[in-house]
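If you're matching positions, the sequence shown starts at 0 in numbering that gives the first Met the number 0 and goes up one per residue.
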Amino acid sequence: MDPFAVLGLDPDADDETIKRAYRQRAKKTHPDHGGSVTEFKRVRDAYEAIQAGEIDREGDHETGGFADDFGPDVPDPHAPDPEPDTEVTYLNYAVLAERGWSLEDDDLFEKAARADLADRNFGQFTVEGDQSLLEAAEASGHAWPFACRGGACANCAVAVTEGELSQLVDHILPDELTDQGIRLSCNGKPLTDSLEVVYNLEQRDDLADLKLPADRFNKARADD
Ligand code: FES
Numbered sequence: 000m001d002p003f004a005v006l007g008l009d010p011d012a013d014d015e016t017i018k019r020a021y022r023q024r025a026k027k028t029h030p031d032h033g034g035s036v037t038e039f040k041r042v043r044d045a046y047e048a049i050q051a052g053e054i055d056r057e058g059d060h061e062t063g064g065f066a067d068d069f070g071p072d073v074p075d076p077h078a079p080d081p082e083p084d085t086e087v088t089y090l091n092y093a094v095l096a097e098r099g100w101s102l103e104d105d106d107l108f109e110k111a112a113r114a115d116l117a118d119r120n121f122g123q124f125t126v127e128g129d130q131s132l133l134e135a136a137e138a139s140g141h142a143w144p145f146a147c148r149g150g151a152c153a154n155c156a157v158a159v160t161e162g163e164l165s166q167l168v169d170h171i172l173p174d175e176l177t178d179q180g181i182r183l184s185c186n187g188k189p190l191t192d193s194l195e196v197v198y199n200l201e202q203r204d205d206l207a208d209l210k211l212p213a214d215r216f217n218k219a220r221a222d223d
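(1) Per DSSP, what kind of secondary structure is Asp1 in: helix, strand or coil?
(2) Is any beta-carbon of chain B found at less than 9 Å from that of Leu133?
(3) List the endpoints of the continuous alpha helix (DSSP H) containing Leu121.
(4) Output needed for Tyr92: all residues of its chain with C-beta closer than 6 Å, excluding positions within five of it in sequence on either side, in chain order.
(5) Within the continuous beta strand (DSSP E) that includes Glu86, where are the two ends?
(6) Out of His170, Thr160, Arg119, Pro10, state which residue places its alpha-carbon closest to the alpha-carbon of Cys147.
(7) Considering only residues of the same chain and omitting the five flanking positions on each side of Gly224, which have a CB-CB separation below 7 Å?
(8) Just reading off the alpha helix (DSSP H) that Ile49 is part of, what are its end residues?
(9) Is Thr28 buried or exposed, if buried means 16 or more other CB atoms sit within 10 Å of its CB?
(10) Beta carbon of Asn91: closer than 8 Å to some heavy atom of the ligand FES?
(11) Does the ligand FES have a heavy atom nearer than 8 Å to the CB of Arg148?
(12) Which ranges would you report for the alpha helix (DSSP H) in the region 132-191 if only whole runs of at least 4 residues count?
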């Protein structure tokens, strides 16, 4: 599909109209407001392609890049929406305490890559389609902390050091923590093609009051 059509625009729309349409569509489709990750990325990619000049407004599509992704001119109505994947690089917060590293270290992940850490402490996995970060970690064989899986605790908290992870509007984290890039992995979904996250933040003292006993929720699920 034509990226102008994704934003609901005519091909001759001026820059101000394009920006306004993008803001409105991005707000409407943003996962934090109940939208879908796939649709949000589609809107963002359409805007970036128009901004980058990858689309010929006369309808004569260039080769390569976004133009190919959206061509040919007539969309196949039966084609499934592309499911975006995200490559995640993770690091265990416990390693920071052991080695005297900090979340503020600019070279934190470079140091981790050189440190020959065990797979549970450092590595990569892929978030596929509409998975949350926690779901993808579990599907890759990892046992990351969680309790409620519903935004009501900080057991599943991660620090996002690169990329963007969605956040439900209704969640327990105070602004001072979200301003530091702390998100909930149980319902956070990647909004970028790659992510760097430090997981296991439940060990932090400033999250202690926001934690819930995990056993209670595990037992409740076992009794279902
Ligand atoms: Fe409670 Fe994620 S496990 S908010």
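C-beta: ideal position from N, C-alpha, C; glycine also.
Everything numeric in this text was worked out from a predicted model, so none of it was measured.
The short version:
(1) Under the three-state reduction of DSSP, Asp1 is assigned to coil, being neither helix nor strand.
(2) Considering every chain present, this structure includes no chain B. It has just one protein chain.
(3) Here the sequence assigns Phe to residue 121, which means Leu is not the residue at that position. Boundaries around Phe121 are those of the beta strand (DSSP E), 121-126, since no alpha helix (DSSP H) includes it.
(4) Excluding residues within five positions, the ones whose Cβ falls inside 6 Å are Val197, Asn199, Leu200, Gln202.
(5) Its beta strand (DSSP E) spans residues 85-91.
(6) Measuring from the Cα of Cys147, the nearest candidate turns out to be His170.
(7) The structure shown does not extend to residue 224, since the chain is modelled only from 0 to 223, so the question has no answer here.
(8) Boundaries of the alpha helix (DSSP H) around Ile49: 36-50.
(9) Buried, since its Cβ has 16 or more Cβ neighbours within 10 Å.
(10) No heavy atom of the ligand FES is found nearer than 8 Å to the CB of Asn91.
(11) It does: the Cβ of Arg148 is within 8 Å (strictly closer) of some heavy atom of the ligand FES.
(12) The region 132-191 contains, as complete alpha helix (DSSP H) runs of 4+ residues, the segments 132-138, 174-177 (chain order).
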